[in-house]
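Below is one structure, written out as structure tokens, with a few remarks after it.
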Amino acid sequence: MRSDVKSKPGHIGIIMDGNGRWATKRLLPRVAGHRAGVKNITPVVSCALEYGVGCVTLFAFSTENKERPKDEVDSLIDLIRKRLKPMTRELIERGARVMFSGAREYFPSDVQGIMADVENENTDPNAQIVNIAINYSGRSEIIRACKIAAEKGDISANGIERELYTYGIPDPDMIIRTGGEKRLSNFLLYQAAYSELFFTDTLWPDFGESELSAMFEEYATRSRRFGRV
Ligand code: FPP
Numbered sequence: 009m010r011s012d013v014k015s016k017p018g019h020i021g022i023i024m025d026g027n028g029r030w031a032t033k034r035l036l037p038r039v040a041g042h043r044a045g046v047k048n049i050t051p052v053v054s055c056a057l058e059y060g061v062g063c064v065t066l067f068a069f070s071t072e073n074k075e076r077p078k079d080e081v082d083s084l085i086d087l088i089r090k091r092l093k094p095m096t097r098e099l100i101e102r103g104a105r106v107m108f109s110g111a112r113e114y115f116p117s118d119v120q121g122i123m124a125d126v127e128n129e130n131t132d133p134n135a136q137i138v139n140i141a142i143n144y145s146g147r148s149e150i151i152r153a154c155k156i157a158a159e160k161g162d163i164s165a166n167g168i169e170r171e172l173y174t175y176g177i178p179d180p181d182m183i184i185r186t187g188g189e190k191r192l193s194n195f196l197l198y199q200a201a202y203s204e205l206f207f208t209d210t211l212w213p214d215f216g217e218s219e220l221s222a223m224f225e226e227y228a229t230r231s232r233r234f235g236r237v
């Protein structure tokens with residue numbers, strides 16, 4: 009779904025990379041970096057919502073992250089268990105609606121229950137959205153959507169888009185990746201067709217309002233042609 013061309017992005021995606029290196033630099037365990045990363049989510053997302061962004065999609069846990077050592081995966085799941093509600097409370101109080109993209113059935117039932125509770129806190133279809141990609145893989149999302157579309161006998165762009173987790177949300181205008189790598193790493197592969205990409209060396213726990221504002225300013229100067237002249 010193409011969003012209108014505007015100087016402000018309607019939807020931004022954030023690949024929150026660099027938590028592990030942030031911790032290692034401080035001689036801390038990697039989980040300390042993830043904890044610092046979680047703390048940084050509410051202020052950065054609040055800043056984006058205040059700027060007027062309609063949806064922020066956060067890459068919180070990729071399908072591939074499950075291949076990390078068991079203790080790191082367990083601590084990431086535990087962080088979601090313990091921090092998801094406090095982390096989203098302020099955003100929901102500001103009027104945002106939280107949703108999730110990804111294969112949530114992987115998570116223990118108590119974590120799935122927390123996700124459902126958070127989603128049910130605000131169901132206003134007109135609210136700004138905080139979309140948390142969790143056990144998410146762009147390729148798996150596309151394959152899943154194609155399978156359902158085929159079962160329904162509608163393998164058209166509309167038929168496939170209807171089955172994406174993000175159905176109803178305009179495609180991301182901006183995708184930001186912190187932590188210095190310059191790749192999408194299986195994030196929003198279908199939806200990112202015409203996204204403007206922003207990369208920074210700043211590690212996620214250190215990424216803040218001033219850098220985000222500078223990116224918004226740069227976004228406003230980019231010429232988006234969507235393949236046209
Ligand atoms: C990348 O850093 C970050 C992740 C793999 C996970 C990001 C997750 C969070 C910030 C927590 C999500 C929790 C909730 C409650 C939504 P990295 O470990 O790959 O860092 P590195 O590249 O420096 O090793």
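Heads up, the final residue of the sequence shown is numbered 237 in this note's numbering, and it's a clean run with no missing numbers. Where is the CB? At the ideal position from N, CA and C, for every residue including glycine. In this text, all values refer to a predicted model and were calculated from it rather than measured experimentally.
With a CB to CB cut of under 8 Å and the five nearest residues on each side skipped, what residues in its chain are close to residue i?
i: Lys93; result: Ile122, Asp125, Val126
i: Ile20; result: Ala56, Val61, Cys63, Val64, Thr65, Pro180, Asp181, Met182, Ile183, Ile184
i: Asp118; result: Arg89
i: Ile156; result: Glu171
State yes or no: is the C-beta of residue i nearer than 8 Å to some heavy atom of ligand 1?
i: Asp25; result: yes
i: Gly110; result: no
i: Phe67; result: yes
i: Ile142; result: yes
i: Arg34; result: no
i: Val237; result: no
i: Arg91; result: yes
i: Gly45; result: yes
i: Asn194; result: no
i: Gly28; result: yes
i: Ile184; result: no
Please classify residue i: is it buried, with 16 or more other beta-carbons within 10 angstroms of its beta-carbon, or exposed?
i: Thr163; result: For the record, residue 163 in the displayed sequence is Ile; it is not Thr. Ile163 is exposed by the Cβ-count criterion.
i: Thr32; result: exposed
i: Phe224; result: buried
i: Ser218; result: exposed
i: Ser145; result: buried
i: Asn48; result: buried
i: Tyr227; result: buried
i: Pro180; result: buried
i: Val106; result: buried
i: Leu196; result: buried
i: Tyr175; result: exposed
i: Arg233; result: exposed
i: Arg10; result: Low confidence applies to Arg10: its pLDDT is 43, below 50, so where it sits in the model is not reliable enough to give any reading.
i: Leu35; result: exposed
i: Gly161; result: exposed
i: Arg191; result: exposed
i: Pro77; result: exposed
i: Gly28; result: buried
i: Val46; result: buried
CB-CB under 6 Å to residue i, same chain, minus the five flanking residues each way: which ones, in chain order?
i: Gly26; result: Thr186, Gly187, Leu211, Trp212
i: Gly110; result: Ala141, Ile142, Asn143, Tyr144
i: Leu205; result: Ile183
From the DSSP output, in three-state form, read off residue i for me.
i: Ala104; result: coil
i: Arg185; result: strand
i: Glu204; result: strand
i: Val64; result: strand
i: Ser11; result: In this prediction, Ser11 has a pLDDT of 46, which is less than 50 and means its spatial position is unreliable; what the coordinates show is noted afterwards. Ser11 falls in the coil class under three-state DSSP.
i: Ala135; result: coil
i: Ala141; result: strand
i: Gly21; result: strand
i: Ser83; result: helix
i: Leu69; result: According to the sequence provided, residue 69 is Phe. The question's Leu does not apply to it. Note: Phe69 maps to strand in three-state DSSP.
i: Ser2; result: Coverage of the chain is limited to positions 9 through 237, which leaves residue 2 absent and any answer about it impossible.
i: Ser109; result: strand
i: Glu219; result: helix
i: Lys93; result: helix
i: Ser164; result: coil
Using 9 Å as the limit for Cβ to Cβ distance, is residue i near chain D?
i: Lys16; result: Absent from the structure: chain D. Only one protein chain is present.
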